[in-house]
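In what follows, a structure is listed as structure tokens, so that the remarks can point back to it.
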Amino acid sequence: MRASTPIDRLSGVLERFRVQAQLHHSGALCGLNHFDACEGHGYLHVLRRGQLKVSHPGARDVPKSMHFDQPTLLLYPRPFTHRFHNPPVEGSDFTCARLNFDGGSYNPLARALPSLIALPLAQVSGLDLALELLFAETDRVRCGQRLLADRIFEVVVIQLMRWLLDHPQEAGIRPGFITGLSDPRLARALVAMHDAPGEPWSLERMAECAGMSRTAFANTFREVVGQTPADYLSDWRMALAQSRLREGHSIKMLADELGYANPSALSRAFTAKVGMSPRLWLLERSRTFTG
Numbered sequence: 001m002r003a004s005t006p007i008d009r010l011s012g013v014l015e016r017f018r019v020q021a022q023l024h025h026s027g028a029l030c031g032l033n034h035f036d037a038c039e040g041h042g043y044l045h046v047l048r049r050g051q052l053k054v055s056h057p058g059a060r061d062v063p064k065s066m067h068f069d070q071p072t073l074l075l076y077p078r079p080f081t082h083r084f085h086n087p088p089v090e091g092s093d094f095t096c097a098r099l100n101f102d103g104g105s106y107n108p109l110a111r112a113l114p115s116l117i118a119l120p121l122a123q124v125s126g127l128d129l130a131l132e133l134l135f136a137e138t139d140r141v142r143c144g145q146r147l148l149a150d151r152i153f154e155v156v157v158i159q160l161m162r163w164l165l166d167h168p169q170e171a172g173i174r175p176g177f178i179t180g181l182s183d184p185r186l187a188r189a190l191v192a193m194h195d196a197p198g199e200p201w202s203l204e205r206m207a208e209c210a211g212m213s214r215t216a217f218a219n220t221f222r223e224v225v226g227q228t229p230a231d232y233l234s235d236w237r238m239a240l241a242q243s244r245l246r247e248g249h250s251i252k253m254l255a256d257e258l259g260y261a262n263p264s265a266l267s268r269a270f271t272a273k274v275g276m277s278p279r280l281w282l283l284e285r286s287r288t289f290t291g
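Numbering-wise, UniProt numbering puts 79 at position 79 of the sequence shown, and it's gapless, one number per residue.
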């Protein structure tokens with residue numbers, strides 16, 4: 001593969017791990033508005049105009065209080081308690097959606113993102129057209145409004161992810177999945193692994209995809225992604241296994257799909273990574289969602 005050949009760094013991930021949006025609010029928000037992590041949703045808030053003070057009760061990895069006075073996008077990819085404080089008169093104007101990353105905390109995208117990304121709208125190129133259409137849909141009720149707004153919110157998320165891949169430092173992305181895809185050489189190896197997780201991925205083959213020597217690839221991968229190539233591949237396979245198990249696929253089918261010699265080998269790898277067998281993990285998830 002030539003270094004100049006463009007690659008799609010996102011589609012393979014988003015096809016396997018969907019992000020679903022649901023319109024939550026559009027218009028003014030006055031007084032105190034509480035978004036509780038116990039609801040189990042992420043959130044995407046777009047401050048269209050006005051001011052906003054947001055607080056994070058008990059948070060350690062984000063500021064306790066933040067203030068915004070320009071159009072801003074706030075992404076909480078995982079459930080995270082936050083509160084909006086707005087004056088009771090002339091409240092700020094928002095468009096907000098609940099987000100559900102398929103697989104929750106096991107979703108590679110959700111896991112790679114910080115608890116909060118707050119960016120001025122003007123800083124994120126490519127959002128203008130989608131936001132214009134989103135605001136046009138949410139400003140007045142029309143047939144199919146909610147369904148269309150949900151889909152447009154998902155487009156906004158994808159465009160944001162696209163921007164983050166090119167600006168990880170500006171968004172405070174820590175070493176991992178996204179920073180790896182931000183590196184043009186590593187991205188080629190990562191996309192290849194994402195698209196064909198069951199292939200026999202030796203270090204030599206990964207390095208060849210990246211157009212690098214084995215040593216340079218291994219060292220760069222650890223520095224940029226924060227783990228070894230083999231550990232990353234194992235994590236990716238386990239994320240896929242969890243997703244496919246939730247869909248009802250058998251361990252036997254997944255062993256073939258993910259490159260394990262037999263179901264027992266996959267079960268052992270799953271137990272080592274997750275801390276419980278696939279059967280027990282599914283049982284625990286069933287109790288969580290029905291309890």
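Ideal Cβ positions, reconstructed from N, Cα and C, are used throughout, including at glycine.
**OP:** Tell me, please, which residues DSSP counts as bridged to H67.
**Re:** As a working note, residue 67 is residue 67 in the sequence shown. DSSP lists K53 as partners of H67.
Subject >> Touch test, the segment 120 to 132 against the segment 55 to 75, Cβ-Cβ under 8 Å, three pairs minimum >> reply: Contact holds between the segment 120 to 132 and the segment 55 to 75, because three or more Cβ pairs, one in each stretch, are under 8 Å apart.
Original post:
With distances taken from CA atoms, which of L32, T215, S65, H45 is nearest A21?
Top reply: Here residue 21 refers to the residue found at position 21 when the sequence shown is read from its first residue. Comparing C-alpha distances from A21 to each of L32, T215, S65, H45 shows the shortest one belongs to H45.
Subject >> Sequence-distant residues of the same chain with beta carbon closer than 8 Å to G42, five excluded per side >> reply: Translated into the one-based positions of the sequence shown, residue 42 becomes position 42. These residues qualify, in order along the chain: L75, Y76, P77, R78, P79, F80, R98, L99, N100, F101, A110.
Original post:
Quick one, which of L280, I152, W236, A171 has its alpha-carbon nearest F177's?
Top reply: Position 177 of the sequence shown holds residue 177. By alpha-carbon distance to F177, the top candidate from L280, I152, W236, A171 is W236.
Subject >> Cα-Cα separation between Q243 and F135, rounded to whole angstroms >> reply: Within the sequence shown, the letter at position 243 stands for residue 243. Within the sequence shown, the letter at position 135 stands for residue 135. The sequence shown places Ser at residue 243, not Gln. A direct Cα-Cα distance of roughly 33 Å separates S243 from F135.
**OP:** Report the partner residues of G42 according to the DSSP bridge assignment.
**Re:** If you number the sequence shown from 1, residue 42 lands on position 42. DSSP lists L99 as partners of G42.
Subject >> Exposure of T95, with buried meaning 16 or more beta-carbon neighbours within 10 Å >> reply: Numbered from its first residue, the sequence shown carries residue 95 at position 95. So T95 ends up on the buried side.
**OP:** Apply the 10 Å Cβ neighbour rule to T179 and answer buried if 16 or more other Cβ atoms are within range, or exposed otherwise.
**Re:** Your numbering for residue 179 matches position 179 in the sequence shown. Under a 10 Å Cβ-count criterion, T179 is classified as buried, with 16 or more other Cβ atoms of the shown protein chains found around its own Cβ.
Original post:
So is N262 buried or exposed if we call it buried at 16+ other beta carbons inside 10 Å?
Top reply: For the purposes of this step, residue 262 is identified with residue 262 of the sequence shown, where counting begins at 1. Counting the other Cβ atoms within 10 Å of the Cβ of N262 gives fewer than 16, which makes it exposed.
Subject >> Buried versus exposed call for V141 [16 or more other C-beta atoms within 10 Å across all chains shown] >> reply: Counting from 1 along the sequence shown, the entry for residue 141 is found at position 141. Label assigned to V141: exposed.
Original post:
Contact between the segment 143 to 159 and the segment 14 to 30: three or more CB pairs below 8 Å?
Top reply: Touching, yes.
Original post:
Span of the alpha helix (DSSP H) holding R83?
Top reply: Start at 1 with the first residue of the sequence shown, and residue 83 comes out as number 83. Element bounds for R83: not the alpha helix (DSSP H) but the beta strand (DSSP E), 82 to 86.
**OP:** Locate the beta strand (DSSP E) running through F177, then write down its first and last residues.
**Re:** Your numbering for residue 177 matches position 177 in the sequence shown. Premise fails: F177 lies in the alpha helix (DSSP H), 177 to 182, not in any beta strand (DSSP E).
**OP:** Sort out for me which residues DSSP pairs H25 with in a bridge.
**Re:** Position 25 of the sequence shown, counted from the first residue, corresponds to residue 25. Looking at the DSSP assignment, H25 forms a beta bridge with C96.
Original post:
Exposed or buried, P87, counting other C-beta atoms within 10 Å across all chains shown (16 or more means buried)?
Top reply: By 1-based counting over the sequence shown, the position of residue 87 is 87. Using a 10 angstroms sphere on the CB of P87, the tally of other CB atoms stays under 16, which defines it as exposed.
Original post:
What are the start and end residues of the alpha helix (DSSP H) that includes T271?
Top reply: Position 271 of the sequence shown, counted from the start, is the residue given in the question as residue 271. Start and end: 263 to 274.
Original post:
Per DSSP, F17 forms a beta bridge with which residues?
Top reply: Taking the sequence shown and counting its residues from 1, the one referred to as residue 17 is at position 17. In DSSP, F17 forms no bridge with anything.
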